[in-house]
Amino acid sequence: MIKRKSFCGVGCDIEVLKRVSTNRLTLRLQSDLLEILKQSADKKDLTLNAMITNILNKNITYDETVNVIPNMVVPYDLFFNIITKVEAPDVNEIVKSAPNVVKKLFDIMGVQYDIDHVIHNYLTTLSKYCNWFEFSYKITGNNYRLVFCTGNSSKWTTFVQQYVKSILDSLKIIVINDSLHDGIVVFEFSHRDYL
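Taking this note's numbering, the leading residue of the sequence shown gets 15, the next gets one more, and so forth.
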């Protein structure tokens with residue numbers, strides 16, 4: 015909602031943000047846990063309440079999206095070493111399983127398997143909670159641009175590119191531009207429903 019306000023004779027538009035309802039809750043925490051939370055909140059320049067809310071949001075989102083199917087927590091370095099030592103034909107077989115993993119996850123969650131849900135419910139989640147890559151996207155009309163920052167390993171970057179390409183192919187998306195350079199993977203395409 016936009017409201018027109020006047021300050022010192024100068025008119026301007028102010029966007030009024032919709033308030034999210036909240037509920038008061040009392041928690042009992044161990045003293046040592048409370049100190050850790052306070053220190054962490056101070057480091058991030060957050061209130062204790064905001065810090066606890068962020069932690070709860072992250073855990074609930076993780077449990078409802080990532081942890082819906084059995085997952086194994088593996089240190090990044092170990093997983094990265096496994097992928098870099100696997101030969102190309104084996105990597106191709108792993109990559110081919112990507113669409114089935116996402117479809118299974120979406121079936122359990124009750125989410126439709128389409129590009130918008132893949133972006134919001136899978137790729138964004140992988141980026142936030144699994145640290146496979148940093149992910150950003152831009153949707154302009156029916157044009158999509160997906161950008162993945164994967165780090166410096168060319169083999170890992172290639173794995174991410176093939177993994178995402180396998181998902182896009184399963185959605186029958188025709189990629190217009192697919193580039194890979196210095197740890198950055200970019201996919202550009204038009205949504206198939208608009209073609």
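Heads up, the beta-carbon is just placed ideally off N, CA and C, and yes, glycines get one too. Note that the coordinates shown come from a computational prediction; the quantities given were computed from them, not determined experimentally.
Under the three-state DSSP convention, the category residue i falls into
i, result
"Glu107", "helix"
"Glu49", "helix"
"Asn157", "strand"
"Asn114", "helix"
Residue range of the beta strand (DSSP E) that includes residue i
i, result
"Ser150", "Glu148 to Thr154"
"Ser204", "Ile198 to Ser204"
"Asn191", "Val189 to His195"
Between the CA atoms of residue j and residue i - distance to the nearest angstrom
i, j, result
"Lys58", "Lys52", "10 Å"
"Val125", "Tyr136", "11 Å"
"Ile16", "Ile97", "Any reading at Ile16 needs caution, since the residue's pLDDT is 49, under 50, leaving its predicted position unreliable; the model's value is listed next. So the two alpha carbons sit approximately 51 Å from each other."
"Tyr158", "Ser150", "11 Å"
"Lys186", "Ser167", "29 Å"
"Ser45", "Ile188", "56 Å"
"Leu41", "Lys99", "47 Å"
"Ser193", "Val161", "10 Å"
"Ile50", "Glu107", "44 Å"
"Thr36", "Lys72", "17 Å"
"Thr138", "Arg38", "30 Å"
"Glu101", "Asn145", "23 Å"
Of the listed residues the options, nearest to residue i (C-alpha basis)
i, options, result
"Lys43", "Leu60, Asp56 and Ile66", "Per the sequence presented here, residue 43 reads as Leu, with Lys not at that position. The shortest C-alpha separation from Leu43 is found at Ile66."
"Leu182", "Phe173, Asp128 and Val88", "Asp128"
"Ala112", "Leu160, Asn63 and Ser184", "Ser184"
"Phe203", "Lys179, Thr36, Asp196 and Ser45", "Lys179"
"Ile69", "Lys142, Lys152, Ile153 and Val115", "Lys142"
"Thr154", "Val115, Thr61, His205 and Pro89", "His205"
Alpha helix (DSSP H) segment containing residue i, residue limits
i, result
"Leu182", "Ser168 to Ser184"
"Leu92", "Tyr90 to Lys99"
"His134", "Element bounds for His134: n/a, residue is neither H nor E."
Cβ separation of residue i and residue j, assumed to be a contact under 8 Å, to the nearest whole Å
i, j, result
"Val174", "Val199", "6 Å"
"Tyr177", "Val109", "5 Å"
Min CB distance residue i to chain B below 7 Å
i, result
"Ile133", "Chain labels in this structure do not include chain B; a single protein chain is all it has."
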